[in-house]
Structure formats: C-alpha cells, structure tokens
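Okay, structure first, notes after.
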Amino acid sequence: MTGRRWLTTLVVLTASACATLSDRHAMLASAAPAGLDDRGGLASSDSNAATQHRSPARFLAREATLALEVGDPSASGATFSEQVESGGGYVERSTTSDDGIVQLTLRVPDAELEALIAAFSATGEVTRRSLTATDVTDAIVDADARLKNLELSRDRLRALFDKAQDAGQAVEVEKELARVQGEIESLGARLKSLRARVALAKLEVRLEREEILGPLGLLFHGIGWLGRKLVVWSE
Numbered sequence: 153m154t155g156r157r158w159l160t161t162l163v164v165l166t167a168s169a170c171a172t173l174s175d176r177h178a179m180l181a182s183a184a185p186a187g188l189d190d191r192g193g194l195a196s197s198d199s200n201a202a203t204q205h206r207s208p209a210r211f212l213a214r215e216a217t218l219a220l221e222v223g224d225p226s227a228s229g230a231t232f233s234e235q236v237e238s239g240g241g242y243v244e245r246s247t248t249s250d251d252g253i254v255q256l257t258l259r260v261p262d263a264e265l266e267a268l269i270a271a272f273s274a275t276g277e278v279t280r281r282s283l284t285a286t287d288v289t290d291a292i293v294d295a296d297a298r299l300k301n302l303e304l305s306r307d308r309l310r311a312l313f314d315k316a317q318d319a320g321q322a323v324e325v326e327k328e329l330a331r332v333q334g335e336i337e338s339l340g341a342r343l344k345s346l347r348a349r350v351a352l353a354k355l356e357v358r359l360e361r362e363e364i365l366g367p368l369g370l371l372f373h374g375i376g377w378l379g380r381k382l383v384v385w386s387e
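What follows is the structure, encoded as structure tokens:
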C-alpha cells in the first residue's frame, strides 16, 4: 500500500471519528441550560439562582469593572493586590498615572468575584460598577472535541510512520504528522486560555483620590444642600 493511499484511508477513518465527537458536542450543548441571567449581576440571595450560577453545564467567562474614590489610591491599590494574590489570583496589570489615578487588571477566582467586589466597594465611594458574563461553552466543547480528533489522527499517523516501507512514504506521513502536531499545540493553547478565563474572572479597578473640601467648599456645599431643601419645601 502506498503512502498516499495510507493517508486517504486515514482521512476516511478520521472523518468517522469526527462525526462521533460532533454528536458528543451536540449532546452536551443540548443538555446545557441557556441564558446568562444567573450570572449577570452580583450575588443573589435566592438559593435556586445560586444553584444555577454554579451549574457545571455552562462555562461562563466573567468580567467586572469597579471605580472608586478613596483617600489614598496607591495604598488601596497595594492592599487590593495583596488581597487578590493571597486568595489565589494575580495582578495582570497595574498602572499609576501622573495625577495619581491607579488602574488595576486583576484575575480572581470566579467563586470569589462578588465577595471581592463587595470588600473593595466598602473602602471608598463607588462611582461605577458593572458585571458581565460571556458564555464560552460552545467554544470549549468544540475545541475539546477537535483536540481529541486531532490526537486520534496523530496516533494513527504515528502507526503509519512505523509501518512505512520506503523513504517516500515516511516523508509523506512525517509532513502530515508535523501539520497535525502543530494544530494540536495551537488548539491546546486556545483551550487552556478559554478554561483560564472561566476559572479566573477579570476585575478592572480604577482608583481616584476622593475630593476633600476646604472651608469654602464646605460652605458652598452646605448652601447648595440648603437650596435644594428650600425647593423641596416650596413644592
């Protein structure tokens, strides 16, 4: 049997394996619940919502933003970073602008995201807060199925390479083996990245120094407050 014929046979066998993995993909997708409402906001006190939030059937990559006014942005940033690192997360990026604004990109264990947001929020005045979730279930299931399919092809190619009867056959199989191995490494890296996004949520924090009013500032602030009260009373 020639090397080309071996590869043709392999394509047929691989197509059959791919169909089987595609069926598995469809079964997993159809069995999983749809929707992101269970993770679209901060922690819910409803037990059913909490159960759905942790459902293993879906893979959700969450991202949150938090903007605070604090007394000392630099000190708060250092405290937040230490808190995240001690809890199993890490600081992906940290910058401080010329005017003292600290911006942090944190990766935190997904299960701890709401608790950290609440803890950080309690240290200053919240000016902005958001939480979003992206469903990456299909991407993970598809990548996992394709990876298994490629690994199956690689194993069959290795078997063909061992059975090569001449140098021409060996070279042909070796080229295909190198191509498949490259796809395996690329897809494996993508799958690892997707799973990391699910395991570690992204938290963007912006820290600005809170305004401290002087005597005149306090005076005008009081006048403004009194004016608003007078308007309300006149109605």
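Residue numbers for the sequence shown follow the working numbering, beginning at 153 and rising by one.
Backbone N, C-alpha and C fix where the C-beta goes; we use that ideal spot for every residue, glycine too.
Can LEU359 and VAL222 be called in contact, C-beta distance under 8 Å? Yes, the pair counts as a contact, with Cβ atoms nearer than the cut-off.
For ALA219, I'd like the list of residues in its chain whose CB is within less than 6 Å of its CB, leaving aside the five on either flank, ordered along the chain. Taken in chain order, the residues that qualify are THR279, ARG280, ARG358.
Near SER282, what residues of its chain come up, given a Cβ to Cβ distance below 7 Å and the 5 sequence neighbours on each side ignored? Exclusion of the five residues before and after SER282 leaves ALA216, THR217 as the residues of its chain whose Cβ lies within less than 7 Å of its Cβ.
If you drop the 5 nearest sequence neighbours on each side, which residues of the same chain put their C-beta closer than 8 Å to that of ASP296? Taken in chain order, the residues that qualify are LEU343.
Return the first residue and the last residue of the beta strand (DSSP E) that SER246 is part of. Its beta strand (DSSP E) spans residues 242–248.
Give the single residue among LEU256, SER228, LEU346 whose Cα lies nearest to the Cα of ALA116. Outside the displayed span of the chain (153 to 387) sits residue 116, for which this structure offers no information.
Work out the CA separation of ASP262 and PHE232 for me, nearest whole Å. Going by the C-alpha atoms only, they are around 16 Å apart.
Please state whether DSSP places LYS315 in a helix, a strand or coil. In the structure shown, LYS315 adopts coil according to DSSP, grouped into three states.
According to DSSP, LYS344 sits in a beta bridge with which residue or residues? LYS344 is not bridged to any residue.
Tell me the residue span of the beta strand (DSSP E) that contains GLU215. From DSSP, the beta strand (DSSP E) with GLU215 extends over 212–222.
By the three-class DSSP mapping on this structure, what secondary structure does ASP251 have? It is coil, neither helix nor strand.
Return the CA-CA distance between GLY241 and GLU234, expressed in angstroms with no decimal places. For GLY241 and GLU234, the distance between alpha carbons rounds to 9 Å.
Where DSSP assigns a beta bridge to LEU258, which residues make up the other side? Partner(s): VAL243, LEU355.
DSSP three-state call for GLU328: helix, strand or coil? Residue state, collapsed to three classes: helix.
For LEU283: DSSP bridge partner residues: According to DSSP, LEU283 bridges with ALA216.
By how many angstroms is the C-alpha of ARG306 removed from the C-alpha of GLY320? Cα to Cα, the separation comes out at about 19 Å.
According to DSSP, residues forming a beta bridge with VAL278: In the DSSP output, where bridge partners are listed per residue, VAL278 has LEU220.
What does DSSP give as the partner residues of ARG361 in its beta bridges? Partner(s): VAL222.
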